[in-house]
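K.L.:
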Amino acid sequence: MKKYMISAAAVLLSGTAYAADPMMAAPMAAHNSCMGNVEAYLGGLHLSGDGDSETYFVYGGTGRANCTFNERWNVQGDLFVDSFDADGDQVTGYGGTAHLYWRDPASYAFGIFGTIAATDASFFGGTRYSFGPEFQIYMNNVTLYGQGEYGQASFDGIPVDIDFWGIRGEVRYFATDNMRFDAELAYRTYDFDLADIFSAAVQANYRFDNTPYTVFARYQYEDLDGGLGTGGDVHKLTMGLRVSFGSGTLLEEDRYGATMSTYRSNISLF
1 MKKYMISAAA VLLSGTAYAA DPMMAAPMAA HNSCMGNVEA YLGGLHLSGD GDSETYFVYG
61 GTGRANCTFN ERWNVQGDLF VDSFDADGDQ VTGYGGTAHL YWRDPASYAF GIFGTIAATD
121 ASFFGGTRYS FGPEFQIYMN NVTLYGQGEY GQASFDGIPV DIDFWGIRGE VRYFATDNMR
181 FDAELAYRTY DFDLADIFSA AVQANYRFDN TPYTVFARYQ YEDLDGGLGT GGDVHKLTMG
241 LRVSFGSGTL LEEDRYGATM STYRSNISLF
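Using full-length UniProt numbering, the first residue of the sequence shown is number 1, and each one after it goes up by one.
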């Protein structure tokens, strides 16, 4: 299944001061100007299509840091890596993102982001970049997140750059200051009918009180449609550990810390 999906693509290209009730998310009297986190995960990846299916082991991680300057302005940097071993062929995606945005922790945030990423495997490699606007709306214990992107992808030995664009939306619900549930939808499409990707994901996060440690579990589904009749379903189930600095709770981190993110596909190809 891995050979089918990947080879087909190659052919196509050839704290703490909050009240205990999260509903009362009032601004804190004091907070750190710089916050961030580092996380690692492992899990499984299941590919199915054309009557065939395969399952692989996956692992990866992310590091984020956010600093506030001039009261409301923020800059955030992210580094990430996602990898899976497909029958001896290591497929690894990695990259970084920069966010620049204005935020009022009591109401909303808006800004821009830019991402550059690469994919390495034994049989191909490539890079892509994207940029676009993003915003968040804060409503007590709910955060709404919207994002749009435009970018280009290039692959080794292929002289043509492929344009793509996408949109992404996310809802974060805080059952308590340290328990968060996420639901996410995303869509990305490439020129030349290379690929259309629809993605849906859910995630649960729990931070142990008075510690920097958060455990999380995530399920992400993708429907991949390709230009020559290629495509399939991609399921990714992971669990991980996040270590935060500068924040006291998940809610504080969401409103004052490294709160921005970007879409990452299950198999790093698109």
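Glycine included, each C-beta is placed from N, C-alpha and C at the ideal position.
Could you check which residue in 199, 239 and 195 has the C-alpha nearest to that of residue 206?
P.N.:
Within the sequence shown, numbered from 1, the residue matching residue 206 stands at position 206. Measuring from the Cα of residue 206, the nearest candidate turns out to be 239.
K.L.:
Ordered along the chain, which non-local residues of its own chain (more than five positions away) have a Cβ less than 7 Å from that of residue 231?
P.N.:
What you label residue 231 is simply residue 231 of the sequence shown in a count that begins at 1. Here the set comprises 49, 224 and 225.
K.L.:
Expressed to the nearest angstrom, what Euclidean distance is found between the alpha-carbon atoms of residue 101 and residue 196?
P.N.:
By one-based count along the sequence shown, residue 101 stands at place 101. By one-based count along the sequence shown, residue 196 stands at place 196. Rounded to the nearest angstrom, the two C-alpha atoms are 29 Å apart.
K.L.:
Which class does residue 196 belong to by DSSP, given the choice of helix, strand or coil?
P.N.:
Here residue 196 refers to the residue found at position 196 of the sequence shown. Correct three-state label for residue 196: strand.
K.L.:
Quick one: give me the first and last residue of the alpha helix (DSSP H) that residue 255 is part of.
P.N.:
Residue numbering aside, residue 255 sits at position 255 when the sequence shown is read from its first letter. Taken as a continuous stretch (DSSP letters only), the alpha helix (DSSP H) holding residue 255 covers 250-256.
K.L.:
Mapping the DSSP letters down to three states, classify residue 85 as helix, strand or coil.
P.N.:
For the purposes of this step, residue 85 is identified with residue 85 of the sequence shown, where counting begins at 1. Residue 85 falls in the strand class under three-state DSSP.
K.L.:
Mind checking who residue 174 pairs with in its DSSP beta bridge?
P.N.:
Within the sequence shown, numbered from 1, the residue matching residue 174 stands at position 174. DSSP lists 180 as partners of residue 174.
K.L.:
How should residue 269 be labelled, buried or exposed, when 16 other C-beta atoms within 10 angstroms of its C-beta is the threshold for buried?
P.N.:
Along the sequence shown, one-based indexing puts residue 269 at 269. Under this definition residue 269 is a buried residue.
K.L.:
So what's residue 191 in DSSP terms, helix, strand or just coil?
P.N.:
Stepping through the sequence shown from its first residue, residue 191 is reached at position 191. Of the three classes helix, strand and coil, the one that applies to residue 191 here is helix, per DSSP.
K.L.:
Given this structure, state the Cα-to-Cα distance separating residue 257 from residue 111, to the nearest angstrom.
P.N.:
Residue numbering aside, residue 257 sits at position 257 when the sequence shown is read from its first letter. Residue numbering aside, residue 111 sits at position 111 when the sequence shown is read from its first letter. Rounded to whole angstroms, residue 257 to residue 111 spans 15 Å at the Cα level.
K.L.:
Tell me the rounded alpha-carbon separation between residue 203 and residue 84.
P.N.:
Against the sequence shown, residue 203 aligns to sequence position 203. Against the sequence shown, residue 84 aligns to sequence position 84. Answer to the nearest angstrom: the Cα atoms are 20 Å apart.
K.L.:
By Cβ distance, which residues of its chain are closer than 7 Å to residue 108, with the 5 residues on each side in sequence left out?
P.N.:
Here residue 108 is taken as the residue at index 108 of the sequence shown, counted from 1. If we look at residue 108 and ignore the five residues flanking it on each side, its Cβ neighbours are 135, 136, 137 and 138.
K.L.:
In whole angstroms, what separates the C-alpha of residue 161 from that of residue 153?
P.N.:
As a first step, residue 161 must be located in the sequence shown, where it is residue number 161. As a first step, residue 153 must be located in the sequence shown, where it is residue number 153. Each residue's alpha carbon lies about 6 Å from the other.
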